[in-house]
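The numbering used here numbers the first residue of the sequence shown as 529 and each following residue consecutively. Below is one structure, written out as structure tokens; the observations come after it.
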Amino acid sequence: MQRNKKVKYRSDRKRKGKKVALSLAVVGIILAALVAWVGWHDWDVRKSMTKLGEAIGLDDQRAGETKREDEQPEDDLHEAGGLEEGQPPEEDNDVVKDSGGYIEGMELPEEPTYVDGILIANKEYPLPSTYAPGEDPEARKAFDEMAAEATLSNFNLTAFSTYRSFDYQKELYDRYVARDGKEAADRYSARPGYSEHQTGLAFDIGEVNYEQHWASSDFGETEAGKWIAANAHRFGFIMRYPLGKEEVTGYMHESWHFRYVGTEIAKEIFEKNITLEEYVGLK
Ligand SMILES: [Zn+2]
Numbered sequence: 529m530q531r532n533k534k535v536k537y538r539s540d541r542k543r544k545g546k547k548v549a550l551s552l553a554v555v556g557i558i559l560a561a562l563v564a565w566v567g568w569h570d571w572d573v574r575k576s577m578t579k580l581g582e583a584i585g586l587d588d589q590r591a592g593e594t595k596r597e598d599e600q601p602e603d604d605l606h607e608a609g610g611l612e613e614g615q616p617p618e619e620d621n622d623v624v625k626d627s628g629g630y631i632e633g634m635e636l637p638e639e640p641t642y643v644d645g646i647l648i649a650n651k652e653y654p655l656p657s658t659y660a661p662g663e664d665p666e667a668r669k670a671f672d673e674m675a676a677e678a679t680l681s682n683f684n685l686t687a688f689s690t691y692r693s694f695d696y697q698k699e700l701y702d703r704y705v706a707r708d709g710k711e712a713a714d715r716y717s718a719r720p721g722y723s724e725h726q727t728g729l730a731f732d733i734g735e736v737n738y739e740q741h742w743a744s745s746d747f748g749e750t751e752a753g754k755w756i757a758a759n760a761h762r763f764g765f766i767m768r769y770p771l772g773k774e775e776v777t778g779y780m781h782e783s784w785h786f787r788y789v790g791t792e793i794a795k796e797i798f799e800k801n802i803t804l805e806e807y808v809g810l811k
């Protein structure tokens with residue numbers, strides 16, 4: 529009995545010694561790995577920790593955010609700094625917006641704003657009052673093709689409002705303000721210079737003989753409205769003011785307002801379920 533006990537005691541001690549040695553070795557390896565890891569990341573501890581988080585899949589959200597930040601300058605689709613005109617900085621803390629969502633004290637620019645070759649017209653990037661291109665022929669052609677295909681599904685589409693000149697938009701807006709007051713008018717009508725219709729690329733679409741749904745939220749619930757929402761991108765149009773993107777676009781959802789951007793861009797915007805502002809990197 530006693531002998532057995534002694535043997536057991538001995539082997540316990542031996543095992544304990546082995547354990548300590550093993551632990552020390554593990555700690556040593558971890559330390560060496562950490563030093564190597566930090567060294568590998570240019571001796572930048574913060575960067576190393578972020579990369580470590582990414583590597584072991586921890587804190588996915590933070591890792592993802594860091595990744596996006598890292599990737600932004602390399603994103604050749606939406607190159608940063610693509611603004612061609614000296615326009616107000618987006619989301620600058622100094623920017624004060626009024627109840628209509630417009631930047632206070634802002635004046636209309638001398639030139640329109642293009643980002644990566646795409647014309648932008650919104651509440652932050654208005655158009656010059658002199659900008660008057662008329663309805664875009666390429667957009668019209670694309671609309672006609674879409675309308676032709678829609679007839680195969682028995683929808684008779686029409687574009688009830690396309691190009692609007694600065695003067696016409698002013699007339700419209702002033703009339704609405706006189707009727708409903710400025711605050712109310714701002715909710716459904718763009719101020720002159722801020723309407724995308726002035727680009728000649730915006731098409732308000734409805735169904736012939738169903739005027740009751742024109743420029744009405746229930747157009748999106750009609751079969752024709754659903755068909756356009758699902759197919760417009762194939763013809764180069766995007767739903768410009770989607771539901772749930774009011775903060776990004778500055779406008780309430782408009783199921784009837786489509787913007788021509790060409791098939792390639794429209795397809796990408798449709799598939800990624802994003803807005804034009806997000807596509808060009810303004811938001
Ligand atoms: Zn419209």
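Beta carbons: idealized from backbone N, C-alpha and C, even for Gly. In this text the structure is predicted, and so the values were computed from the model without any measurement.
For this session: Output the distance between the C-alpha atoms of Tyr738 and Gly748, rounded to the nearest integer angstrom.
Result: So the two alpha carbons sit approximately 13 Å from each other.
Exercise. Are the region 715 to 730 and the region 642 to 661 in contact at 8 Å, needing three or more beta carbon pairs?
Worked result: Yes, the region 715 to 730 is in contact with the region 642 to 661.
For this session: Please go through the same chain and pick out, in chain order, the residues whose beta-carbon is closer than 8 Å to the beta-carbon of Val563, but skip the five residues on each side of it.
Result: Legend: pLDDT at Val563 = 47, less than 50; position of this residue unreliable, value from coordinates given subsequently. For Val563, where only same-chain residues beyond five positions count, there are no Cβ hits under 8 Å.
For this session: Tell me whether Tyr779 is buried or exposed, calling it buried when 16 or more other Cβ atoms sit within 10 Å of its Cβ.
Result: Buried, since its Cβ has 16 or more Cβ neighbours within 10 Å.
For this session: Classify Met674 as helix, strand or coil using the three-state DSSP reduction.
Result: Helix at Met674.
For this session: Figure out for me which residue from Leu685, Ser693, Arg715, Val789 has the closest Cα to the Cα of Tyr630.
Result: Tyr630 has its Cα closest to that of Arg715, out of Leu685, Ser693, Arg715, Val789.
Problem set entry | By C-beta, the residues closer than 5 Å to any heavy atom of ligand 1, given in chain order | Ordered along the chain, the selected set is Asp732, His785.
For this session: Put Val776 into one of helix, strand or coil per three-state DSSP.
Result: When secondary structure is reduced to three states using DSSP, Val776 falls in the helix class.
For this session: Inspect the beta-carbon positions of Tyr722 and Ala649 and report whether they are closer than 8 Å.
Result: Against a cut-off of 8 Å, the Cβ pair of Ala649 and Tyr722 comes out as a contact.
Exercise. Whose C-alpha, out of Glu638, Gly734, Pro665, Gln740, is nearest the C-alpha of Lys754?
Worked result: Of the candidates Glu638, Gly734, Pro665, Gln740, the one whose C-alpha sits nearest the C-alpha of Lys754 is Gly734.
Exercise. When burial is assigned at 16 or more other CB atoms within 10 Å of the CB, is Pro665 buried or exposed?
Worked result: Pro665 comes out exposed.
Exercise. Do the CB positions of Phe786 and Ala758 come within less than 8 Å of each other?
Worked result: Result no, Cβ atoms of Phe786 and Ala758 do not sit closer than 8 Å.
Exercise. Closest by CA to Ser627, which one among Met767, Phe798, Lys710?
Worked result: Considering only alpha carbons, the answer is Lys710.
For this session: In angstroms with no decimal places, state the Cα-to-Cα distance between Tyr691 and Asp732.
Result: Rounded to whole angstroms, the separation of the alpha carbons of Asp732 and Tyr691 is 10 Å.
Problem set entry | Unbroken alpha helix (DSSP H) run spanning Trp742, endpoints | Looking at the DSSP string, Trp742 is not in any alpha helix (DSSP H), and its letter there is neither H nor E.
For this session: Pick helix, strand or coil for Val623, following the three-state DSSP scheme.
Result: It is coil, neither helix nor strand.
Problem set entry | Cβ distance (whole Å) where Glu806 is taken to contact Val776 below 8 Å | With a Cβ gap of about 6 Å, Glu806 and Val776 count as contacting.
Exercise. Is the distance from the Cβ of Arg768 to the Cβ of Leu810 below 8 Å?
Worked result: One thing to note: Arg768 has its Cβ no nearer than 8 Å to the Cβ of Leu810.
Problem set entry | Phe765 - partner residues in DSSP beta bridges | In DSSP, Phe765 forms a bridge with Tyr788.
Exercise. Can you give the Cα-Cα distance for Thr679 and Leu685, rounded to whole angstroms?
Worked result: Thr679 and Leu685: Cα-Cα distance of roughly 8 Å.
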